[in-house]
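For reference, the structure discussed in these notes is given below.
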Ligand code: SF4
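Residue numbers (the working numbering): 30 to 409.
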């Protein structure tokens, strides 16, 4: 029988956990998991370190984990081993009005074990910059003919902006469907914060590069564009990127092809266009995993996505030859902040009755974000 959370006690300090050995941390984390049973849901993003993934109830990409949070029914707490925007999305979905009504108003706290686990891409688009860009665009374009689309890797405030302005959230799995949804409504799209996902997706849909100006929020006016360039645009791309996927270069693709004849290159769509277009295959982390799982023994791969995921695929598929598509280390440093010490500390606090590092989105932001997220969940 799972134990109920005990009454709140003083917050346990993090510092002592940092000097504990991994074996002890793992055993204490397991003890909390066993005691809380189904009341606790630990979600682990594919880019997490192996030790954390091994202790997660579900592993997935941001889209899959959002669905887990959205469908959670009997858990009382979610511990999200990912980054800040993912925990915000989980909070919005797990505590949406119908879920709160089912639980007679009880919220499910969403805990981010280390509050410093942010996302450099999400940080490249602040809500005041987006609002300013929208206002400036309104001076030269008809914004009624412009749909904002935000990648799920963005702050809740941006998702709420999109919800309020008739737009949609997308993931790397459904970006094409989200753009089709947007183009069925308006002639133009404003896509943020990842220029590469926006460009790669729209280009494959037939939008030319010269129809996709980049909006630089630090440029003095019009994001560094002329009114004419914006008038000729189909997709206005935000000048943001993922610091991990930005590291893959065309010369890496060429080097692997030369060194390993017959090798297949598969990359995430957050990679720059010149890499994306050279690759044999592309897709979200889930698609990359499924593609590798389905490949014949002996297949050679060079994979352009986060290092922890590639190393895990290497271990799980010794029958294939898997390489990391870069000579330099590209790992998500912020995701890496969620280590065993932070996980154990947050779980033992939870078991003692205190949820630490709770990510809670304010009601108004959550309401509008949900509008945009629900559109995302409907679009495949
Ligand atoms: S891999 Fe890139 S986009 Fe994903 S969380 Fe890390 S910095 Fe953000």
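Each residue gets a CB set at the ideal place from its N, CA and C atoms; glycine is no exception.
Looking at 97, 198, 111, 271, the one whose alpha-carbon comes closest to that of residue 124 is 97. By the criterion of a C-beta distance shorter than 8 Å, residue 228 is surrounded in its chain by 238, 241, 264, 266, 302, once the five residues flanking it on both sides are discounted. Within the same chain, Cβ atoms closer than 7 Å to the Cβ of residue 367 are found at 77, 81, 110, 142, 143, 146, the five residues on either side in sequence being excluded. Here residue 172 has 163, 166 as same chain residues with Cβ atoms under 7 Å from its own Cβ, once five neighbours each way along the sequence are excluded. Residue state for residue 367 is assigned as coil, using DSSP reduced to three classes. With a cutoff of 8 Å, residue 335 counts as near ligand 1, since its C-beta is closer than that to a heavy atom of the ligand.
Contact between the region 322-330 and the region 345-362 is present, with at least three C-beta pairs closer than 8 Å. By the C-beta density criterion, residue 224 is buried, having at least 16 other C-beta atoms within 10 angstroms. No residue range can be given for residue 76, since it is assigned to no alpha helix (DSSP H) and is classified by DSSP as neither H nor E. In this structure, residue 137 and residue 107 form a Cβ contact; the two beta carbons are roughly 6 Å apart against a cut-off of 8 Å. The residue from 409, 360, 317 with its alpha-carbon nearest to that of residue 276 is 360. The C-beta distance from residue 74 to residue 91 rounds to 7 Å, short enough to meet the 8 Å contact threshold. Apart from sequence neighbours up to five positions away, the residues of its chain that approach residue 385 with a beta-carbon distance below 7 Å are 40, 140, 375, 378, ordered along the chain. The beta-bridge partner set that DSSP reports for residue 106 consists of 69. Assignment of residue 318 by DSSP, reduced to helix, strand and coil, places it in the helix class. Here residue 58 carries a helix assignment [DSSP, helix/strand/coil].
Residue 55 and residue 122 have their alpha carbons spaced roughly 29 Å apart.
According to DSSP, residue pairing for residue 266 in a beta bridge involves 220, 243. Contact check for residue 304 against residue 279 passes: the beta carbons are separated by less than 9 Å.
Between the alpha carbons of residue 208 and residue 72 lies a distance of about 28 Å.
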